[in-house]
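The numbers in the sequence shown follow the numbering used here, run straight up by one, and end at 336. For every residue, glycine included, the Cβ atom is placed at its ideal position computed from N, Cα and C.
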Amino acid sequence: MTLSNYNHKREVDTKTSTINLLLNIIIFFLVALIIYLMYSVFVKVTGIEKSDSAQLSKEVPSAIIQVEIMNGCGVSGIADRFTDFLRNENFDVVNTGNYISFDVIETLVIERIGNMANAKKVAKALGVNERNIIQQLNDDYFLDVSIVIGKDYHELLPLKAGNPK
């Protein structure tokens with residue numbers, strides 16, 4: 172083997188070595204990307220993405236609970252009475268009005284954002300049984316809890332707690 176052949180072979184080996192190293196680095200990054208994508212799909216499909224701290228925060232009521240009160244019993248002024256009562260209990264009543272019908276038998280507390288602790292706190296303040304708490308998540312609402320006053324309103328705390336209006 173002549174010296175020029177040897178140098179040429181060495182040059183080719185160096186180029187091949189560099190190309191192999193570059194290809195190995197690219198393969199490594201592609202494998203890492205595939206593993207990350209597979210993990211993302213797994214988390215999305217199984218729903219494991221919620222951390223314990225996120226779940227714990229949903230078990231604690233918010234400092235300020237925004238409430239909507241709707242009259243579902245047809246008694247004039249009842250939503251205003253409930254509004255006054257809840258504001259005295261430090262709830263932020265952001266909306267009052269009539270429900271779609273006036274034939275609601277039992278008062279309902281509707282949880283809107285995924286934090287049942289808020290709904291339970293409102294229900295307890297009103298004296299509503301926990302079985303009347305339902306969850307209807309809605310991203311269009313900018314409030315925590317909706318209350319639909321039923322025909323059982325006279326059994327609830329706003330009318331029992333020294334509010335004989």
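Local Cβ density within 10 Å of residue i, reported as buried at 16 or more and exposed below that
i: Leu327; result: buried
i: Ala294; result: buried
i: Ala203; result: exposed
Residue-chain proximity (residue i, chain C), Cβ-Cβ < 7 Å
i: Lys186; result: Judged by its chain identifiers, the structure shown contains no chain C, having just a single protein chain.
Pairwise C-alpha distance: residue j and residue i
i: Ile249; j: Gly218; result: 42 Å
i: Ser317; j: Leu308; result: 11 Å
i: Ser272; j: Gln237; result: 23 Å
i: Asp263; j: Asn289; result: 12 Å
i: Leu192; j: Met209; result: 26 Å
i: Leu194; j: Val216; result: 33 Å
i: Val275; j: Phe253; result: 16 Å
i: Asn242; j: Asn259; result: 19 Å
i: Val214; j: Leu314; result: 29 Å
i: Ala158; j: Leu330; result: The requested residue 158 does not occur in the structure, where the chain is confined to residues 172 to 336.
Unbroken alpha helix (DSSP H) run spanning residue i, endpoints
i: Lys279; result: First, the residue type needs correcting, since residue 279 is Leu and not Lys in the sequence shown. Element bounds for Leu279: not the alpha helix (DSSP H) but the beta strand (DSSP E), Leu279 to Glu282.
i: Val293; result: Met287 to Leu297
Exercise for the section: Decide if the stretch 302-317 is in contact with the stretch 278-285; the criterion is three or more beta carbon pairs, one per stretch, under 8 Å apart. Expected result: The stretch 302-317 vs the stretch 278-285: in contact.
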